[in-house]
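A.B. asks: Here it is, the structure, as structure tokens.
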Amino acid sequence: MVFLDTDFYSGSMEIIQKDLSPLVQELLPIGCNISGSVPYLMCSDGVLKREILDEVESTNNKRYFRRLAFRRNPNMIQSEALLVKMSSKAHRRSKTGSKVNKSPKKKATKDDLCLNDDEFQVDHSYLASPYHSVMIAGLSLVAPNINDWISSDVLVRVAIVGLGAGLLPMFLHKHMPFGRIEVIELDPVIGDLAKRYFGFVEDDRMKLHIGDGLSILGERTKGNGINGQFISNVSSEHEMKSNDVNVIDQLHILIIDADSDDPSSGMSCPPVEFLEESFLLAAKRKLCEGGMLVINLVARAKAPHSTVPDKLKKVFAEVYSLEVDEDVNRVLFALPQKSEVNSLEDIVELAGMIRKLAIERAPWGNGPNVEDLVVKISKC
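Residue numbering for the sequence shown follows my numbering, starting at -6 and increasing by one per position.
Encoded structure:
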């Protein structure tokens, strides 16, 4: 398939086909010969004829989504959130507590009227990204530990490097009994977008820090990161400084979900610094007994899918992998100590424990089917 970008090429189709023919012939299988020019089939060639008999629109099952995409890769959906109508009570509370917007109003379109922000809200029980669902399912590996921590009134601390639209931390905030969720995001613009459009909120359990995720473990101090320190777009009370690396103390769960802007690594996620042995050793020291490191690995090349687990296995007692269907994502779970998983039945039972813990906090709603997801988990 050839997709043409008219911004860069304005020649005729004959010229385009003539330019492409030598390149296409290089791709011919061995032993396959063609005589003459390479044949091309275009969308406008009329190979399919259809007649529309009727066209109707049903509103019964209509679903609305809000998406985040980066301009550097506009065809890739970075985050996707399901929008649901607010209840009448929530709608009234939203209108009462909203600030007056004095900016000039633009003429509302039909779609604007359908998706009025004071009528819809993000459903934080829905995870559109399959790898987020896989991360939740992977918590099953430490489900007994989470249950013991909660039963003993331990403040369970979770850190997430990489905010995106804030959908994963908000899901954890809503459904999991975690006492403290720290999110570290390098770009302050992302923090603003997550709050304005995706319902990300801070409270006594959820904090957003703007800065270099490596500094969470004291891997970077003066002279690195952003001006050598953490900065915050929220308020001074949430600011993290590089010389106070213990602002995020011992962790029970550490999640690395940060994008890489270095194409030479062959990975879109994570940046290679998060896979260096020094970082992995620091992460292991930072984790409490029974804790877990979770890494979202995104690579179209095959090599990282084998080399990255090998790096983790050099540092951690056990490493598990869960592939995301029809995608290039693989989520890795690294445990400092051996887990209690000995069979497929064990992991499915532990997934049920995660679901039970979640339901005790809030209705599962559109939450992932963790029991079905964990059957695909494998030990590296």
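Note that beta-carbon positions come from the ideal geometry of N, C-alpha and C, so glycine has one too.
Which ranges does the alpha helix (DSSP H) cover as unbroken runs of at least 4 residues, wholly within the segment 103 to 157, from first to last along the chain?
C.D. replies: If we require 4 residues or more, the alpha helix (DSSP H) runs fully inside the segment 103 to 157 come out as 103 to 107, 123 to 131 and 136 to 144.
A.B. asks: Does DSSP classify Y33 as helix, strand or coil?
C.D. replies: Coil.
A.B. asks: Helix, strand or coil for R60? Go by DSSP, reduced to three states.
C.D. replies: Residue state, collapsed to three classes: strand.
A.B. asks: Taking the alpha-carbon positions, what's the H125 to S336 distance?
C.D. replies: Their backbone Cα atoms lie some 24 angstroms apart in a straight line.
A.B. asks: Tell me which same chain residues have a C-beta within less than 6 angstroms of the C-beta of D17, skipping the five on either side of it?
C.D. replies: A small fix is needed here, since residue 17 is Val in this sequence, not Asp. Excluding sequence neighbours, V17 sits near V31.
A.B. asks: Take the Cβ of V(-5) as the centre, count every other Cβ of all protein chains shown within 10 Å, and call the residue buried at 16 or more, exposed below.
C.D. replies: V(-5) is exposed by the Cβ-count criterion.
A.B. asks: How many Å lie between E342 and V312 at the Cα?
C.D. replies: Near 19 angstroms, if we compare the C-alpha coordinates of V312 and E342.
A.B. asks: Can you tell me the Cα-Cα spacing of R60 and I153, whole angstroms?
C.D. replies: About 21 angstroms.
A.B. asks: Taking the C-alpha atoms as reference points, what is the distance between L280 and Q114?
C.D. replies: C-alpha separation (whole angstroms): 35 angstroms.
A.B. asks: Name, in chain order, the residues that DSSP records as bridge partners for I174.
C.D. replies: DSSP, once it has assigned bridges, lists V151 and M199 as partnering I174.
A.B. asks: Please work out which residues of its chain come closer than 6 angstroms, Cβ to Cβ, to I248, disregarding the five sequence neighbours upstream and downstream, and give them in chain order.
C.D. replies: I153 and V287, listed in sequence order.
A.B. asks: Looking at C-beta atoms only, is the number of pairs between the segment 292 to 301 and the segment 254 to 267 that lie closer than 8 angstroms three or more?
C.D. replies: They touch, by the three-pair rule.
A.B. asks: Would you identify the three-state DSSP class for R213, choosing helix, strand or coil?
C.D. replies: Because the pLDDT of R213 is 42, which lies under 50, any placement of that residue in the model is unreliable, and the question is left without a value.
A.B. asks: Applying the criterion that 16 or more other CB atoms from any shown protein chain within 10 Å of the CB defines a buried residue, is V334 buried or exposed?
C.D. replies: Result: buried.
A.B. asks: Run through the segment 308 to 370 for me and flag every whole beta strand (DSSP E) of 3 or more residues, listed as ranges in chain order.
C.D. replies: Counting only runs of 3 or more, we get 311 to 316 and 322 to 328.
A.B. asks: Is the segment 172 to 185 close to the segment 136 to 153, with three or more CB pairs under 8 angstroms?
C.D. replies: A contact exists between the segment 172 to 185 and the segment 136 to 153.
A.B. asks: By the 10 Å Cβ neighbour count, where 16 or more other Cβ atoms means buried, how is Y33 classified, buried or exposed?
C.D. replies: Its Cβ having fewer than 16 others within 10 Å, Y33 is exposed.
A.B. asks: Measuring CB atoms only, is the segment 353 to 365 touching the segment 121 to 138, in the sense that at least three cross pairs come out at less than 8 angstroms?
C.D. replies: Contact holds: three or more Cβ-Cβ distances are below 8 angstroms.
A.B. asks: Helix, strand or coil: how does DSSP classify V265 here?
C.D. replies: Correct three-state label for V265: helix.
A.B. asks: Determine the direct distance from the alpha carbon of N289 to that of G131, and round the result to whole angstroms.
C.D. replies: Cα to Cα, the separation comes out at about 12 angstroms.
A.B. asks: Does M459 come out as helix, strand or coil in the three-state DSSP assignment?
C.D. replies: There is no way to answer for residue 459, as the model of the chain reaches only from -6 to 373.
A.B. asks: Below 8 angstroms on the Cβ atoms is my contact criterion, and I expect H168 with R354 to pass it. Report the Cβ-Cβ distance as a whole number of Å.
C.D. replies: The Cβ separation is near 6 angstroms, so the contact holds.
A.B. asks: G218 by DSSP, collapsed to three states: which one?
C.D. replies: Note that G218 scores 36 on pLDDT, short of 50, meaning its location in the model is unreliable; the coordinates nonetheless yield the value given after this. Residue state, collapsed to three classes: coil.
A.B. asks: I believe D377 touches P264 by the beta-carbon criterion, under 8 angstroms. Please report the beta-carbon distance rounded to the nearest angstrom.
C.D. replies: The requested residue 377 does not occur in the structure, where the chain is confined to residues -6 to 373.
A.B. asks: Count the other CB atoms, across all protein chains shown, that sit within 10 Å of the CB of N26; report buried if there are 16 or more and exposed otherwise.
C.D. replies: Classification of N26: exposed, given that the 10 Å Cβ count is below 16.
A.B. asks: Using the rule of at least 16 other Cβ atoms within 10 Å of the residue's Cβ for burial, across every protein chain shown, is A158 buried or exposed?
C.D. replies: It counts as buried.
A.B. asks: With distances taken Cα to Cα, identify the nearest neighbour of S122 among E112, D365, L76 and S72.
C.D. replies: Ranking the options by Cα distance to S122, first place goes to S72.
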